[in-house]
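By the UniProt record's numbering, the letter at position 73 of the sequence shown is numbered 73, and the numbering carries on one by one without gaps. Using N, Cα and C, we set each Cβ at its ideal position, and we do this for glycine too. Keep in mind the model is a prediction, meaning the values are calculated, not measured.
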Amino acid sequence: MSNRYSFRNDQPRPVSFDGKRVPSIERYVRIERDYSHGELCQFNVEFPPILAGRIEKSIFLDTLTLINQHLYDAEKISFVNCIEIVLSFVSLYTLDCCYVTTYERKLNKLSELIKEQNRIIYEPKGLHINDPRENAFLFLEICVQE
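1. Between the Cα of E32 and those of Q145, E26, V90, E46, spot the shortest distance and give me the residue it belongs to.
2. If you draw a straight line from the alpha carbon of I83 to that of C143, how long is it in whole angstroms?
3. Quick one: Cα of L61 to Cα of N81, how far?
4. Please look up how many angstroms separate the CB atoms of I114 and D131, rounded, as I've assumed it's under 8 Å.
5. If you follow the alpha helix (DSSP H) that Y93 is in, where does it begin and where does it stop?
6. Which partner residues of R54 appear in the DSSP bridge assignment?
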């Protein structure tokens, strides 16, 4: 088994996400990018053993598959994307200030998907998936509260 995920321990934080004092320790699991598809942003679909007992493997893999599908949809080349890129270039990228591109809209949908998955599935189990935009899509970070 290759090391496609990593762990990071932090000191206990004095407050939790909702502002209450919690004497818990947070660990972070990083799901690395899968570069076998070239430059297409995809994350490895491999179940980290630290999550065993916290969440079912099938649910976790379904979430990763959904995230990868949203990233694929955002990055696939279409006529509309090409027109948006050309118009942005011609307008010296001032168009980007007043127009939300298809890519940005799809990434916003991905953020909403992650928030919904966190609210419904992960946060009740002491887990939290961070938005991959925070890490420049280099890895997917999962916070594990103990």
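Per the coordinate set shown:
1. On the sequence shown, residue 32 is found 32 positions in, with the first residue counted as 1. Per the Cα distances, E46.
2. Counting from 1 along the sequence shown, the entry for residue 83 is found at position 83. Counting from 1 along the sequence shown, the entry for residue 143 is found at position 143. Between I83 and C143, the C-alpha separation is close to 39 Å.
3. On the sequence shown, position 61 is the one that residue 61 refers to. On the sequence shown, position 81 is the one that residue 81 refers to. C-alpha separation (whole angstroms): 29 Å.
4. The residue given as residue 114 occupies position 114 in the sequence shown. The residue given as residue 131 occupies position 131 in the sequence shown. With a Cβ gap of about 6 Å, I114 and D131 count as contacting.
5. Numbered from its first residue, the sequence shown carries residue 93 at position 93. Segment: none, Y93 is in no alpha helix (DSSP H) and carries neither H nor E.
6. Here residue 54 refers to the residue found at position 54 when the sequence shown is read from its first residue. DSSP output for R54 lists no bridge partner at all.
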